[in-house]
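Sequence order for the protein chains is B and W. Under the UniProt record's numbering, the very last position in the first sequence is 580; numbers go up by exactly one each time. Under the UniProt record's numbering, the very last position in the second sequence is 163; numbers go up by exactly one each time. All C-beta atoms, glycine included, are put in the ideal place defined by N, C-alpha and C. For clarity, every value in this text was computed on a predicted model and none was experimentally measured.
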Amino acid sequence: MLIEGTTVELLSGAEMVVRALRDEGVKYIYGYPGGSLLHVYDALFQQEDVQHVLVRHEQAATHMADAYARATGKAGVALVTSGPGATNAVTGIATAFMDSIPMVVITGQVMSHLIGEDAFQETDMLGISRPVVKHNFSVQRPEDIPSIVRKAFHIAESGRPGPVVIDVPKDMTTPTERYPYEYPKQVKMRSYTPITRGHTGQIKKATDLLLNAKRPVIYTGGGVIMGDASTELTELSRLLNFPVTNTLMGLGGFPGTDRQFIGMLGMHGSYEANMAMHHADLILAVGARFDDRVTNACDKFCPTAKVVHIDIDPASISKTIQADIPIVGPAKVVLEEMIQLVKGSKKQPDADALHAWWQQIDEWRQRHGGRFRTDDSELMKPQQVIEMLSKVTNGDAFVTSDVGQHQMFAAQYYKFNKPNRWINSGGLGTMGFGLPAAMGVKMNFPDDDVACVTGEGSIQMNIQELSTCNQYDLPVKILCLNNQSLGMVRQWQDMNYESRHSQSYMKSLPDFVKLVESYGHVGMKVDKYSDLEGAMREAFALKDRLVFMDIAVDPFEHVYPMQVPRGSMRDMWLSKTERT
Amino acid sequence: MRHIISVLMENEPGALSRVVGLFSQRNYNIESLTVAPTEDATLSRLTVTTIGNDRVVEQITKQLNKLIDVVKVVDLSEGEHIEREVMMIKLKASGQMRAEIKRTCDIFRGQIIDVTPTTYTVQLVGASDKLDAFISALGSASILEVVRSGVCGIARGEKVLSL
Ligand SMILES: Cc1cc2nc3c(=O)[nH]c(=O)nc-3n(C[C@H](O)[C@H](O)[C@H](O)COP(=O)(O)OP(=O)(O)OC[C@H]3O[C@@H](n4cnc5c(N)ncnc54)[C@H](O)[C@@H]3O)c2cc1C
Ligand SMILES: Cc1ncc(C[n+]2csc(CCOP(=O)(O)OP(=O)(O)O)c2C)c(N)n1
């Protein structure tokens, strides 16, 4: 319906929600209906631009939206009803928040006049979500919906990205009440102006330090991935011939097979990366937040290093480790400026010092880098499975993961050459993330290989989504590294509790092959390494089928290296018996 | 060290709870908190006093700045400033205590703003330590009730906190 004599349309609040998503360029939204959202679901039914994907649990909807965002850099959208729908979404919102992932979550709410009266399916979603969102909105007038949706996307995607919740009371969507609809092109918020470039003086100072460094390390994180800065990072690193290490969130920011890549750093980082950090005289941190899983004890952190820290969020700088040169700005723009400065500079990087530094690093790499032991037993090592995955997919697949030992093995042994392909929950460490994440990616990249690396513990936290995969034809490949235990918990119990395996053993596992078959998918059981390659190739050759590979791996394997608690970066266990 | 942080924020529902939530969520301490609208009805001014080392206070101001509803943040303790707090204190005042309380009140330039045959209610305005000093100066007088407004502050000189 148009306003007479104009092209301005009259829409109900429910229609505005859907139309605004369309105007935002959204193709898929992930959700689950309920009473407070029925008007919105009816509006969805009557159009085709925005397609809704019906999950089996709201947590999965948020993870699907989140994984779309991790793979594309654009905000994913989830739609959940009030009360239990909203609370089921909280884990997914927190997961996105901890990893700074853009997402817009629309939650239904009871009628506005009932708010505060303990109405049916009422929860204070603004209050519940507040600590785990970048911002949240409550719709007070239907005519505000277009501008709120625009603001929500703007806030979610700009600056340091994060999830935004829009709480919509049911009476804001009444079908019979129509208002003029116009989607705002721009947002102006006096209290929110994300920074667009770094301070040139600081960048110059930092570049001087880079050109004088003798033992430099470039340490980069999720900010390079979400900030679309891997091209600039790669160029600068090559110009300087500096070693590069990535956080768990930063993998793929620099090519994993490049000679200059020294692996992940931190608790389960490579020997050479942690040694290089500890001995560095200069650390260039880009889009990384000196997490406690990276630094180990802050007072022993990299005693000889000066720290240059580039981050879009000033609060990430000097939070745990004091920066000598803080640079607030988007990684992409700041790195580009550095590249120009290095290219234009008369001074060259110190080639002799770097030569000696690389010799040292290569020696570390030789000594302990990237090796695990295989023994004579038939039992497969989980690391072998990941190496095989890397081989079979040429390092080109999207790999999602759950949380536990399998996640660390995937991070250590899959060689990511491209950004946005490694999709895992780092900050919150959410078991149950892997399968819905793989689905969210596959939905949007139907022609790419998408593998979910999981454990028999994690997969059971969202296994119901096998049903969604059936409904929407999502032929992801699930690699379940089955060690019959909550391996990561068990490892800590081995190391710190004299192997008292309190509640870390999974009795009564289902027959996964039969289980997935009952959902209409293909199941495979692999017990021997000699069968692995054939089975995996077969699984990936089945282009339009979901394949679940139940792979028996050594239940006693530990993840190494592992930093010694409260030590420095270089204090590590290298195997069950060796320590640095 | 004690800091007085002034925050200019959108006068929106939920804005205050974001600020308070931030403090509890991140384990920052709040000594006192005041908030009220400004001359511009769309803005409120919030003042929070907190105790923390430089690193913590730097994080507090950075995290406050990140809140979408927050327009500006200033740590008043970084420069010269004036701070004021209002206290109303109800005291048992009978016999010779009446005169004694009156004297102490005068020394501190307090005002007696309500009187009954057995009580005085005193109002005192000043920096928080002056209010503390008054309470200790009361000595043996028996305090029935104390209410303090929390601190508000403003920078000295021409510096202003505005849009
Ligand atoms: C079982 C388990 C084990 C783990 N072990 C390890 C380990 O060994 N090593 C490890 O590294 N991690 C490990 N983690 C992950 C860890 O908990 C953190 O999630 C991770 O270290 C944080 O990565 P990050 O520093 O890259 O920060 P992210 O959480 O990715 O944060 C990104 C940073 O970049 C900034 N940023 C965002 N956009 C931009 C932009 N455009 N420009 C500039 N800056 C930007 C943000 O402000 C933020 O500071 C583990 C997690 C689990 C669950
Ligand atoms: C939702 C949730 N609950 C608990 C944990 C704690 N936790 C971390 S790893 C882990 C074990 C994971 O087991 P599994 O998925 O089988 O993987 P494995 O470590 O055996 O490879 C647990 C329980 C968590 N990360 N997430």
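Whole angstroms are fine: how far does the CA of Arg371/B sit from the CA of Thr577/B? Within the first sequence, numbered from 1, the residue matching residue 577/B stands at position 577. Within the first sequence, numbered from 1, the residue matching residue 371/B stands at position 371. The alpha-carbon atoms of Thr577/B and Arg371/B are separated by roughly 15 Å.
Measuring from the CB of Gln366/B, is there a heavy atom of ligand 2 at a distance below 7 Å? Working through the first sequence from its first residue, we reach residue 366/B at position 366. No, the Cβ of Gln366/B stays beyond 7 Å of every heavy atom of ligand 2.
Take Glu143/B and list the residues in its own chain whose beta-carbon comes closer than 8 Å to its own, dropping the five residues that flank it on each side. Translated into positions along the first sequence, residue 143/B becomes position 143. The residues are Tyr179, Pro180.
From the DSSP output, in three-state form, read off Asp311/B for me. In the first sequence, residue 311/B corresponds to position 311, counting from 1. Note: Asp311/B maps to strand in three-state DSSP.
What I want to know is whether the C-beta of Arg289/B ends up closer than 7 Å to one or more non-hydrogen atoms of ligand 1. As a working note, residue 289/B is residue 289 in the first sequence. Yes; taking the cut-off as 7 Å, the Cβ of Arg289/B has a heavy atom of ligand 1 nearer than that.
Does at least one heavy atom of ligand 1 sit under 7 Å from the Cβ of Gly434/B? Numbered from 1 along the first sequence, position 434 holds the residue referred to as residue 434/B. Checking every heavy atom of ligand 1 against the Cβ of Gly434/B, none is found closer than 7 Å.
Would you call Val57/W buried or exposed, if buried means 16 or more other Cβ atoms sit within 10 Å of its Cβ? Along the second sequence, one-based indexing puts residue 57/W at 57. Buried.
Is DSSP giving Gly523/B helix, strand or coil here? Taking the first sequence and counting its residues from 1, the one referred to as residue 523/B is at position 523. If DSSP states are grouped into helix, strand and coil, Gly523/B belongs with the strands.
Is Asp313/B near ligand 1, with its Cβ less than 7 Å from a heavy atom? Taking the first residue of the first sequence as position 1, residue 313/B is located at position 313. Within the cutoff, so yes.
Ala315/B CB to nearest chain W CB: under 8 Å? As a working mapping, residue 315/B is identified with position 315 in the first sequence. By this cut-off, Ala315/B is an interface position.
Determine the direct distance from the alpha carbon of Leu335/B to that of His236/B, and round the result to whole angstroms. Mapped onto the first sequence, residue 236/B falls at position 236. Mapped onto the first sequence, residue 335/B falls at position 335. A small correction: the amino acid at residue 236/B is Leu; His does not occupy that position in the sequence shown. Rounded to whole angstroms, Leu236/B to Leu335/B spans 7 Å at the Cα level.
Kindly examine ligand 1 and report whether one of its heavy atoms sits closer than 7 Å to the Cβ of residue 581/B. Any question about residue 581/B goes unanswered here, given that chain B covers just 1 to 580.
Taking 7 Å as the cut-off, is the CB of His406/B close to at least one heavy atom of ligand 2? As a first step, residue 406/B is located in the first sequence; it is residue number 406 there, counting from the start. Answer for His406/B: yes, Cβ within range of ligand 2.
Can you give me the start and stop residues for the beta strand (DSSP E) that Glu232/B sits inside? The sequence position of residue 232/B within the first sequence is 232, counting from 1. Here Glu232/B belongs to no beta strand (DSSP E); instead the alpha helix (DSSP H) covers 230-240.
Consider the Cβ of Gly110/W: report whether some Cβ of chain B lies at a distance smaller than 8 Å. Numbered from 1 along the second sequence, position 110 holds the residue referred to as residue 110/W. Closer than 8 Å: no.
Can you check whether the CB of Asp291/B is closer than 8 Å to the CB of Arg160/B? As a position in the first sequence, residue 160/B is number 160, starting the count at 1. As a position in the first sequence, residue 291/B is number 291, starting the count at 1. It is not a contact, given that the beta carbons lie outside the stated cut-off.
Using only the alpha-carbon positions, how far apart do Asp106/W and Thr200/B sit? The sequence position of residue 106/W within the second sequence is 106, counting from 1. The sequence position of residue 200/B within the first sequence is 200, counting from 1. C-alpha separation (whole angstroms): 58 Å.
Close Cβ partners of Ala297/B (< 7 Å) along its chain, the five nearest in sequence each way excluded: The residue labelled residue 297/B in the question sits at position 297 within the first sequence. Closer than 7 Å at the Cβ level, and outside the excluded window around Ala297/B, lie Arg566, Gly567, Ser568.
In the structure shown, what three-state DSSP assignment does Pro180/B receive? For the purposes of this step, residue 180/B is identified with residue 180 of the first sequence, where counting begins at 1. Note: Pro180/B maps to strand in three-state DSSP.
Can you tell me which residues form a DSSP beta bridge with Ser6/W? Position 6 of the second sequence, counted from the start, is the residue given in the question as residue 6/W. Note: Ser6/W sits in a beta bridge opposite Thr47/W, Val74/W.
Ser530/B burial status per 10 Å Cβ neighbour count (16 or more: buried): Counting from one through the first sequence, the residue named residue 530/B turns up at place 530. Exposed, because fewer than 16 other Cβ atoms sit within 10 Å of the Cβ of Ser530/B.
Restricting to runs no shorter than 3 residues, where is the beta strand (DSSP E) found entirely within the region 16-59 of chain B? 28-32, 51-54
Start-to-end residues for the beta strand (DSSP E) that takes in Glu83/W: The residue you call residue 83/W lines up with position 83 of the second sequence. 81-92 is the span of the beta strand (DSSP E), which, as asked, contains Glu83/W.
Same chain, Cβ closer than 8 Å to Leu532/B, neighbours up to 5 away in sequence not counted: Residue numbering aside, residue 532/B sits at position 532 when the first sequence is read from its first letter. Excluding positions up to five away in sequence, the list reads Met380, Gln384, Val385, Met388, Val526, Ile551.
Would you say Asp75/W faces chain B, with C-beta separation under 8 Å as the test? Position 75 of the second sequence, counting from 1, holds the residue named residue 75/W. It does not; no Cβ of chain B falls within 8 Å.
Using 7 Å as the cut-off, classify the Cβ of Leu481/B as near or not near the heavy atoms of ligand 4, replying yes or no. This structure does not include ligand 4; its bound ligands are ligand 1 and ligand 2.
Does Pro131/B have its Cβ less than 8 Å from a Cβ in chain W? Your numbering for residue 131/B matches position 131 in the first sequence. Judged by the 8 Å Cβ criterion, Pro131/B is in contact with chain W.
If we cut at 8 Å on Cβ distances, does Ser82/B have a partner in chain W? As a working note, residue 82/B is residue 82 in the first sequence. It does not: the Cβ of Ser82/B has no partner Cβ on chain W nearer than 8 Å.
Who are the near neighbours of His81/W in its chain, counting only those whose CB is closer than 8 Å to its CB and skipping five residues on each side? Locating residue 81/W in the second sequence gives position 81, where the first residue counts as 1. Contacts found: Ile4, Gly153, Ile154, Ala155, Arg156.
Distance check for Ala273/B and Tyr505/B, CA to CA, integer angstroms please. Stepping through the first sequence from its first residue, residue 505/B is reached at position 505. Stepping through the first sequence from its first residue, residue 273/B is reached at position 273. When rounded, the distance between both Cα atoms is 33 Å.
Measuring CB atoms only, is the region 58-66 of chain B touching the region 10-21 of chain B, in the sense that at least three cross pairs come out at less than 8 Å? no
Nearest candidate by alpha-carbon position, reference Asp299/B, set Arg421/B, Val286/B, Ile321/B: The residue given as residue 299/B occupies position 299 in the first sequence. Out of Arg421/B, Val286/B, Ile321/B, Ile321/B has the C-alpha closest to the C-alpha of Asp299/B.
Could one say the Cβ of Arg18/W lies closer than 8 Å to chain B's Cβ atoms, at least one of them? As a working mapping, residue 18/W is identified with position 18 in the second sequence. Yes, Arg18/W lies at the interface with chain B (some Cβ there is under 8 Å from its Cβ).
Does ligand 1 have even one heavy atom less than 7 Å from the beta-carbon of Met267/B? Start at 1 with the first residue of the first sequence, and residue 267/B comes out as number 267. Indeed, a heavy atom of ligand 1 lies less than 7 Å from the Cβ.
At a Cβ cut of 8 Å, what residues of the region 175-209 of chain B count as close to chain W, listed as they run along the chain? Met189, Arg190, Ser191, Tyr192
Quick one: what's Val122/W bridged to in DSSP? In the second sequence, the residue the question calls residue 122/W occupies position 122. Ile89/W, Ile112/W.
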